[in-house]
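Reviewing the structure listed below.
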Amino acid sequence: MAEQREFFNRRLHSLLGVVPIGIFLTQHLIVNHFAVYGEESFNTAAGFMGSLPFVLLLEIFIIYLPILYHAILGVYIAFTASYNTKKFGFFRNWMFALQRITGLITLVFIVWHVWETRVQIGLGRAEADYSLMEGILTNQFMFWFYIVGVISAVFHFANGLWSFLVSWGITQTPKSQKIASYACIIVFFAISYLGVRTLIQFAFGV
Amino acid sequence: MAEQKTVRFIITRQDSPDSTPYDEAFDVPYRKNMNVISGLMEIRKNPINAKGEKTTPVQWDMNCLEEVCGACSMVINGTPRQSCAALVDTLETPIRLEPMSTFPVIRDLIIDRERMFDALKQVKAWIPIDGTHDLGPGPRMPEKKRQWAYELSKCMTCGVCLEACPNVNDKSNFIGPAALSQARLFNSHPTGEMNASERLEGLMDEGGISGCGNSQNCVQVCPKGIPLTTSIAAMNRATNIQAFKNFFGSDNAH
Chain Z
1 MAEQREFFNR RLHSLLGVVP IGIFLTQHLI VNHFAVYGEE SFNTAAGFMG
51 SLPFVLLLEI FIIYLPILYH AILGVYIAFT ASYNTKKFGF FRNWMFALQR
101 ITGLITLVFI VWHVWETRVQ IGLGRAEADY SLMEGILTNQ FMFWFYIVGV
151 ISAVFHFANG LWSFLVSWGI TQTPKSQKIA SYACIIVFFA ISYLGVRTLI
201 QFAFGV
Chain D
1 MAEQKTVRFI ITRQDSPDST PYDEAFDVPY RKNMNVISGL MEIRKNPINA
51 KGEKTTPVQW DMNCLEEVCG ACSMVINGTP RQSCAALVDT LETPIRLEPM
101 STFPVIRDLI IDRERMFDAL KQVKAWIPID GTHDLGPGPR MPEKKRQWAY
151 ELSKCMTCGV CLEACPNVND KSNFIGPAAL SQARLFNSHP TGEMNASERL
201 EGLMDEGGIS GCGNSQNCVQ VCPKGIPLTT SIAAMNRATN IQAFKNFFGS
251 DNAH
């Protein structure tokens, strides 16, 4: 496997983007969506996630290490492409470019988001509850920063799911790839709705 | 007699592999049904640029003149394609000719496509049949398979797919779509199949199939309409299965 390091790394990168990172993203936005049902409902859901057994190990092996690996290799991938959407304005070429741009935006967003929430909670300066997020998102600038960050992350996941299906050789024919495109568009809108709806709840209380 | 109609060509020229490129314009006498190559031949006959100055004839590569050899690829009005199949009557004027930017320029419009042939070596895009004795006839090929494999065999290593691919550039070692599809062609052949794993190992080496980022420009620009992205996805599946066989062990990992 040593002589096929690049192949192994790229396949691991593709796998980690869906399992566990994509699954975590979906789960995270579903749990957050409990905020829409009220402050108490969100605190119960967040409290449940926070009291899972081996929570720190789960965080390290399902969230931090996979994201770190995916991000470092991802930045390298994004900067080794020579973007040519101006010359070749095909739909998939735009998706190719957007996949890399949203990846970089998502990385900036995640670093800030983790610093502002998980790190502050870890240092004992904040509690993982409704009021923490309400405090952040009632700031107009932070609200829009979160909107851009969440939509970028969901786009990167939905479009990444499409390339995952190709990279693992599941969708081969143009027809199956086209149907996968439609399926991923539905995934994008459904998960974006969860994320954006939650942000509106925290920011405006509606 | 009416004044001779002319066609303006604006050509990106380069005197040597390391010199700076520059544009030069030419007014070529128009003939009915002329293609870009017959325009270049006129310039070679009478190398005088649009300013009326004598200059060196423009150099370009060509061979078959019927869009099967791939040698005369260049960027014509922004689109990489074969100059033999580019009819002047169908092009907007002035006609802009540039060498394909993915490849090193040797002179003017001549580029060096050696990297494509190196890529074919990496994936062993041939069928080894030479031996010390006659091996007899090979196994037959199902007709349905022959039909799609024939489409893949139309590849002429012209380099247009590499020119369009955002992942083929100086910063990456990706070998490009053409060789990935050729590995599939030879793996689909009943005799070539016997060395299938060697080609898959070539695809899994540095610069191989994992360099594909699914921008799918290749399939859009291929002058032969080869289903390159289907080939890439098929080889993705085959290399993944090969990787599992190699790691976990299999009697069919040969």
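From first to last, the protein sequence lines are chains Z and D.
Just so we're aligned, residue 1 is where the first sequence starts under the UniProt record's numbering, counting upward by one.
Just so we're aligned, residue 1 is where the second sequence starts under the UniProt record's numbering, counting upward by one.
No residue lacks a Cβ here, since even glycine has one placed at the ideal position from N, Cα and C.
Bounds of the beta strand (DSSP E) holding D/Glu-24 are 22-29. Rounded to whole angstroms, the gap between the alpha carbons of D/Asn-35 and D/Asn-49 is 19 angstroms. D/Met-74 is bridged by DSSP to D/Arg-81. Z/Trp-162 counts as buried, since at least 16 other C-beta atoms from the protein chains shown sit within 10 angstroms of its C-beta. Taking the Cβ atoms as the reference, D/Pro-139 lies roughly 7 angstroms from D/Thr-191, within the contact range of under 8 angstroms.
Annotation: Z/Leu-73 to Z/His-13 spans about 7 angstroms, alpha carbon to alpha carbon. Within the same chain, Thr-239 come within 6 angstroms of D/Met-204 by CB-CB distance, once the 5 residues on both sides are set aside. The count of Cβ pairs closer than 8 angstroms, one atom from the segment 77-85 of chain D and one from the segment 140-147 of chain D, stays below three, leaving the stretches out of contact. Excluding the 5 residues flanking it on each side, Z/Trp-112 has no same chain C-beta neighbour closer than 7 angstroms.
DSSP, read as helix, strand or coil, puts D/Arg-13 in strand. Taking a beta-carbon distance threshold of 8 angstroms, D/Met-204 counts as an interface residue toward chain Z. The Cβ-Cβ distance between D/Arg-107 and D/Thr-157 does not fall below 8 angstroms. Within chain Z, the residues Ala-81, Ser-82, Tyr-83, Asn-84, Thr-85, Phe-88, Asn-93, Phe-96, Ala-97 have their CB atoms less than 9 angstroms from the CB of D/Pro-166, given in chain order. Legend: CB atoms of the segment 159-176 of chain Z lying less than 7 angstroms from CB atoms of chain D belong to residues Ser-163, Val-166, Ser-167, Trp-168, Gly-169, Thr-171, Gln-172, Thr-173, Pro-174. Taking C-beta separations shorter than 8 angstroms and ignoring five residues to either side along the sequence, the partners of Z/His-70 in its chain run His-13, Leu-16, Gly-17, Ile-21, following chain order. For Z/Gln-27, the nearest beta carbon of chain D is not closer than 8 angstroms to its own beta carbon. Proximity of chain D to Z/Gln-4 at the Cβ level (cut-off 7 angstroms) is accounted for by Met-204, Asp-205, in chain order. Shown here, D/Lys-145 sits in a helix according to DSSP, grouped into three states.
DSSP places D/Thr-102 in the coil class of the three-state scheme, outside both helix and strand. Contact of D/Asn-240 with chain Z is assigned, a C-beta pair being separated by under 8 angstroms. Within chain D, the residues whose beta carbon sits less than 9 angstroms from that of Z/Phe-7 are Leu-203, Met-204, Asp-205, Glu-206, Gly-208, Ile-209, Ser-210, Thr-239, Ala-243, listed in sequence order. Three or more beta-carbon pairs separated by less than 8 angstroms link the segment 157-175 of chain D to the segment 77-96 of chain Z, which places the two stretches in contact.
Where Z/Tyr-193 is concerned, the enclosing alpha helix (DSSP H) starts and stops at 174-204. The beta carbon of D/Lys-145 sits no closer than 8 angstroms to any beta carbon of chain Z. For D/Ser-210, no alpha helix (DSSP H) encloses it, and the DSSP letter there is neither H nor E.
With respect to chain Z, the C-beta atom of D/Ala-178 has no partner C-beta closer than 8 angstroms. Closest in alpha carbon position to D/Cys-155, among D/Asn-217, D/Lys-45, D/Leu-228, is D/Leu-228. Burial is judged here by how many other beta carbons sit within 10 angstroms of a residue's own beta carbon; D/His-133 has fewer than 16 and is exposed.
If you look at D/Asp-118, you'll find it in the alpha helix (DSSP H) that goes 114-122. The beta carbon of Z/Arg-125 sits no closer than 8 angstroms to any beta carbon of chain D. The beta carbon of Z/Arg-11 falls within 8 angstroms of a beta carbon belonging to chain D, placing the residue at that interface. In this structure, the CA atom of D/Phe-174 is about 31 angstroms from the CA atom of D/Ile-95.
Of all residues in the segment 184-198 of chain D, none has a C-beta nearer than 7 angstroms to a C-beta of chain Z. The shortest CA-to-CA distance from D/Lys-171 to any of D/Phe-247, D/Pro-137, D/Thr-102 is the one to D/Thr-102. Pairing D/Thr-56 with D/Gly-39, the inter-Cα distance amounts to about 15 angstroms.
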